[in-house]
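Participant:
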Amino acid sequence: MSKTIRVIQTAKETTDRLTEKDPLIFLPDTSGVESELINIYDDLEYQEIEGFGGALTESSAVTIAKLSAAKQKEIIDAYFHPEHGIGYTLCRSHIQSCDFSLGNYAYVEEGDAELRSFDISRDHESIIPLIKNAAAAVGEDFRLFSSPWSPPAFMKTNGQMNGGGALKPEYREAWANMFVKYIEAYAAEGIDIWAVSVQNEAKAVQRWDSCLYTAEEEKDFVRDYLGPALEQAGLGHVKVMIWDHNKERVYDRAKVAFEDQAASKYIWGICFHWYSGDHFEALSAVHDRFPDKKLFFSEGCQEGGVHLGSWNTGERYGHDIIGNLNNWMSSWTDWNIVLDEQGGPNHVGNYCDAPIIGDTKNDEITFESSFYYIGHFSKYIRPGAKRIGFSKYTDKLETTAFRNPDGTIAVIVMNRTEQELPFTLRFHDELAENMIPAHAIQTLLIK
1 MSKTIRVIQT AKETTDRLTE KDPLIFLPDT SGVESELINI YDDLEYQEIE GFGGALTESS
61 AVTIAKLSAA KQKEIIDAYF HPEHGIGYTL CRSHIQSCDF SLGNYAYVEE GDAELRSFDI
121 SRDHESIIPL IKNAAAAVGE DFRLFSSPWS PPAFMKTNGQ MNGGGALKPE YREAWANMFV
181 KYIEAYAAEG IDIWAVSVQN EAKAVQRWDS CLYTAEEEKD FVRDYLGPAL EQAGLGHVKV
241 MIWDHNKERV YDRAKVAFED QAASKYIWGI CFHWYSGDHF EALSAVHDRF PDKKLFFSEG
301 CQEGGVHLGS WNTGERYGHD IIGNLNNWMS SWTDWNIVLD EQGGPNHVGN YCDAPIIGDT
361 KNDEITFESS FYYIGHFSKY IRPGAKRIGF SKYTDKLETT AFRNPDGTIA VIVMNRTEQE
421 LPFTLRFHDE LAENMIPAHA IQTLLIK
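The UniProt record's numbering puts the first residue of the sequence shown at 1, with every later residue one more than the last.
#1: What separation, rounded to the nearest whole angstrom, lies between the Cα atoms of residue 9 and residue 17?
#2: What does the alpha-carbon distance come out to for the pair residue 370 and residue 181?
#3: Residue 313 by DSSP, collapsed to three states: which one?
#4: If you follow the beta strand (DSSP E) that residue 227 is in, where does it begin and where does it stop?
#5: Check the DSSP bridge columns for residue 146 and list the partner residues they point to.
#6: Roughly how many whole angstroms lie between the Cα atoms of residue 74 and residue 305?
#7: Please return the same chain residues whose Cβ sits closer than 6 Å to the Cβ of residue 227, not counting the five positions on each side in sequence.
#8: Can residue 97 and residue 161 be called in contact, C-beta distance under 8 Å?
#9: Runs of 4 residues minimum, wholly inside the segment 353-429: which ones carry the alpha helix (DSSP H) assignment?
#10: Excluding the 5 residues flanking residue 183 on each side, which residues of the same chain have their C-beta closer than 7 Å to its C-beta?
#11: Look at residue 241 and residue 318 and say whether their C-beta atoms are less than 8 Å apart.
#12: Residue range of the alpha helix (DSSP H) that residue 290 falls in?
#13: What does the Cβ neighbour count give for residue 50, buried or exposed, with the cut at 16 atoms within 10 Å?
#14: Which same chain residues end up closer than 8 Å to residue 24 when comparing Cβ atoms and leaving out the 5 residues on each side of it in sequence?
#15: Measure the alpha-carbon distance for residue 1 versus residue 386 and round it to whole angstroms.
#16: Using the rule of at least 16 other Cβ atoms within 10 Å of the residue's Cβ for burial, across every protein chain shown, is residue 292 buried or exposed?
#17: Could you pull the start and end residues of the beta strand (DSSP E) that residue 6 belongs to?
#18: Rank 125, 135, 271 and 428 by C-alpha distance to the C-alpha of residue 197 and give the top, closest one.
#19: With 16 as the cutoff for other CB atoms within 10 Å, does residue 428 come out buried or exposed?
#20: Looking at the strands, I want to know which residues DSSP matches up with residue 440.
#21: In whole angstroms, what separates the C-alpha of residue 259 from that of residue 314?
#22: What separation, rounded to the nearest whole angstrom, lies between the Cα atoms of residue 172 and residue 263?
#23: At what residues does the beta strand (DSSP E) containing residue 240 begin and finish?
#24: Near residue 44, what residues of its chain come up, given a Cβ to Cβ distance below 7 Å and the 5 sequence neighbours on each side ignored?
#25: Nearest to residue 333 by CA position, among 410, 320, 344 and 121, is which residue?
#26: Would you kindly work out how many angstroms separate the C-alpha atoms of residue 281 and residue 78, rounded to a whole number?
#27: I need the straight-line Cα distance from residue 178 to residue 152, nearest angstrom please.
#28: Does the distance from the C-beta atom of residue 268 to that of residue 185 stay below 8 Å?
#29: Taking the alpha helix (DSSP H) that residue 72 falls in, what are its first and last residues?
#30: Going by the CB atoms, is the gap between residue 93 and residue 56 shorter than 8 Å?
#31: Residue 161 CB to nearest chain C CB: under 8 Å?
#32: Across which residues does DSSP place residue 166 in a beta bridge pair?
See the structure below:
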């Protein structure tokens, strides 16, 4: 009996939004078809997936809290419900404030290098309740990693959290100890921190919370301070990642850190953003040189405020996710899971789009195209899935393929062109003919 293939589709100018279509049927390849093929090679295995998710920022938490209880539940279920949602399991949060906070804040009082005043009560107001809601919806697969945007102002060369500056050398030990205190404080709330990055966007002077590290400074901080501090506190299991910035220099940054064995032993991987372009080859360069290190997409969003109804936003996500996956990325987190009707709140006016926009004035939520495009990956490529081999007849069909732990094979095909495109899926000498509409994405599930 021939196998059937489930087809999930999202397409522009239709009502298809992660919509199940009629199944395809595999038939024997009796004539040796050569044209318009997508081949699947399930004997070739590449990286294993840790998970997909998004950022639980203060801005997201505050926006969600302003909505009705019914809308709040709808958002949590949409992202995190194991059956009805899009399968998020891996989330990011911020250590102290970021631009998507209501303002600058630190966990210690000005000048307190001994950290006696350390206090996460600000996070109790909105962030921690959101994290707990997400974790409860996901269950045991939930993972959280956290990144600082800036040390406390007094620890920095510019004396403020915003505007770049660097960590003063005399505060490196205190700052490393703040990571430890943060992880321990969250553990006391029943929240395990799975991983940390050293610094969000370590090369960027921003008008919001930011801090600069050269490659050598970041590597030395991990080697001499952060790694030992975590180890001494019994937190050596918490994964450490570097860079947390754009892909164009991800290889350069990796070389400096990973060639120093004393630093490299503490570093699980390198995380990256998308704001400087594709640079997919740079990810493969890191993997080829340092195959034991993980590649983690830690942030991306559509900048410039809310783009309500834009289809390009979803396609931007789809293109980047496919390119990253095909070049050894193993984890993926979006930026804010929810923002308000303005694309905030943001304490410096750096408004952005999010996959769900919450209209706090009218108690309405809008699912952007990005939500559905992300869902084609996050819902159907599960933690523990492994990328498998494929080939395609045209670059117009952006493609990737995975085998899930339950044996299901997920093939994602995206068409960003103005024309519908035919293809025939070829797997184990069987064929299934298909058509993908213009500006559409499909997930094909082979059980």
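For glycine and all other residues, C-beta sits at the position ideal for the given N, C-alpha and C. Fair warning: this is a prediction, and the values are worked out from it, not measured in the lab.
Facilitator: Looking at the coordinates:
#1: 6 Å
#2: 36 Å
#3: helix
#4: Careful: residue 227 lies outside any beta strand (DSSP E), inside the alpha helix (DSSP H) at 227-232.
#5: 93 and 196
#6: 23 Å
#7: 266
#8: yes
#9: 369-378
#10: 193, 235 and 238
#11: no
#12: Per DSSP, residue 290 belongs to no alpha helix (DSSP H) and is neither H nor E.
#13: buried
#14: 4, 5, 7, 425, 432, 433, 434 and 444
#15: In this prediction, residue 1 has a pLDDT of 49, which is less than 50 and means its spatial position is unreliable; what the coordinates show is noted afterwards. Distance between the alpha carbons of residue 1 and residue 386: 27 Å.
#16: exposed
#17: 4-11
#18: 271
#19: exposed
#20: 11 and 415
#21: 37 Å
#22: 15 Å
#23: 239-246
#24: 388 and 389
#25: 320
#26: 33 Å
#27: 10 Å
#28: no
#29: 69-80
#30: yes
#31: Looking at the structure shown, chain C is missing, and only one protein chain is on hand.
#32: 212
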